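Colleague: I have a structure here, written as structure tokens, and I will follow up with some questions on it.
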Amino acid sequence: MVVTYVQHGAPEKRDLEAGQFLTPDQRQLLLESLKTNLRPEYRRRIEIMLLADQGQSQAQICTALHCSQETARYWICQVQTGNMHNWNALPIGRPKTINDQYLERLKELVSHSPREYGYSFHSWTAHWLNKHLTREFGIEVSDRHINRLLKKMGLSTRNKSSKAKNTKNPSETEGCGIVVRNLSSASLTESLKLWPFNPQKISSWYS
Numbered sequence: 114m115v116v117t118y119v120q121h122g123a124p125e126k127r128d129l130e131a132g133q134f135l136t137p138d139q140r141q142l143l144l145e146s147l148k149t150n151l152r153p154e155y156r157r158r159i160e161i162m163l164l165a166d167q168g169q170s171q172a173q174i175c176t177a178l179h180c181s182q183e184t185a186r187y188w189i190c191q192v193q194t195g196n197m198h199n200w201n202a203l204p205i206g207r208p209k210t211i212n213d214q215y216l217e218r219l220k221e222l223v224s225h226s227p228r229e230y231g232y233s234f235h236s237w238t239a240h241w242l243n244k245h246l247t248r249e250f251g252i253e254v255s256d257r258h259i260n261r262l263l264k265k266m267g268l269s270t271r272n273k274s275s276k277a278k279n280t281k282n283p284s285e286t287e288g289c290g291i292v293v294r295n296l297s298s299a300s301l302t303e304s305l306k307l308w309p310f311n312p313q314k315i316s317s318w319y320s
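This is how it looks when you write it as structure tokens:
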């Protein structure tokens, strides 16, 4: 797919000055970078920022580049905050596609609490798993794809929280179980009053 970043028929200098976030020099630098032999994910980051600079919405960018909303949102934010130079921040040595190492790491993450990795929440979501793995591996996928990978491995982000909920109060999960509660002395006295105890009748049973 060819994505056009300048309007045809208009002077190039004018187009370069029409950006919402980039200076003419910054825009020209990104355009020049696209002419080099870039990794696909690097090229996509630049394209997202250029389209955002032209005023394209997140939805329009996702449709044009076939990228996830999370990816588009992140790089739109980067260009809006003047961090356009971060497009090549990730080291070149990262894997380009999902591999066994990625899957093992996903399995490891979902088997542990997010708190063990410095997060404040207790349960993983596909969004946060995806975000964490993107930082580690530089592989950007959709949250829906993370859920598909978990399903293939027989895992779920709900496993841990559901298990904790089921084991929290065993008496509530057993339909006919016995529930033992602490009785106060007042309630115990009240219960004894309702018990038709007759000492003389009891004695007659053993006479």
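In this text, residue positions in the sequence shown follow the numbering used here: the first is 114, and each later residue adds one.
We treat Cβ as the ideally placed atom computed from N, Cα and C, and that holds for glycine.
Predicted model only: the values in this text are computed from it and were never measured.
Using the C-alpha atoms, what's the distance from S146 back to A202?
Modeller: The residue you call residue 202 lines up with position 89 of the sequence shown. The residue you call residue 146 lines up with position 33 of the sequence shown. Going by the C-alpha atoms only, they are around 14 Å apart.
Colleague: Look up E145 in the DSSP assignment and say whether it is helix, strand or coil.
Modeller: Locating residue 145 in the sequence shown gives position 32, where the first residue counts as 1. E145 falls in the helix class under three-state DSSP.
Colleague: Classify E249 as buried or exposed, calling it buried when 16 or more other Cβ atoms lie within 10 Å of its own Cβ.
Modeller: Numbered from 1 along the sequence shown, position 136 holds the residue referred to as residue 249. Under this definition E249 is an exposed residue.
Colleague: Expressed to the nearest angstrom, what Euclidean distance is found between the alpha-carbon atoms of L246 and L219?
Modeller: In the sequence shown, the residue the question calls residue 246 occupies position 133. In the sequence shown, the residue the question calls residue 219 occupies position 106. If you take the alpha carbons of L246 and L219, they lie about 8 Å apart.
Colleague: Going by DSSP, what residue range makes up the alpha helix (DSSP H) through M162?
Modeller: Along the sequence shown, read from residue 1 onward, the residue named residue 162 stands at position 49. Here the alpha helix (DSSP H) through M162 covers P153 to D166.
Colleague: Excluding the 5 residues flanking Q139 on each side, which residues of the same chain have their C-beta closer than 6 Å to its C-beta?
Modeller: Residue 139 sits at position 26 when you count from the first residue of the sequence shown. Cβ neighbours of Q139 beyond the five flanking positions: M197.
Colleague: Given a threshold of 16 other Cβ atoms within 10 Å of its Cβ, counted over all protein chains shown, does Q169 qualify as buried or as exposed?
Modeller: As a first step, residue 169 must be located in the sequence shown, where it is residue number 56. Looking at its Cβ environment, which holds 16 or more other Cβ atoms inside 10 Å, Q169 is buried.
Colleague: Under a Cβ-count criterion, where at least 16 other Cβ atoms within 10 Å of its own Cβ denotes burial, should T321 be classed as buried or exposed?
Modeller: Missing from the structure shown is residue 321; the chain here goes from 114 to 320 and no further.
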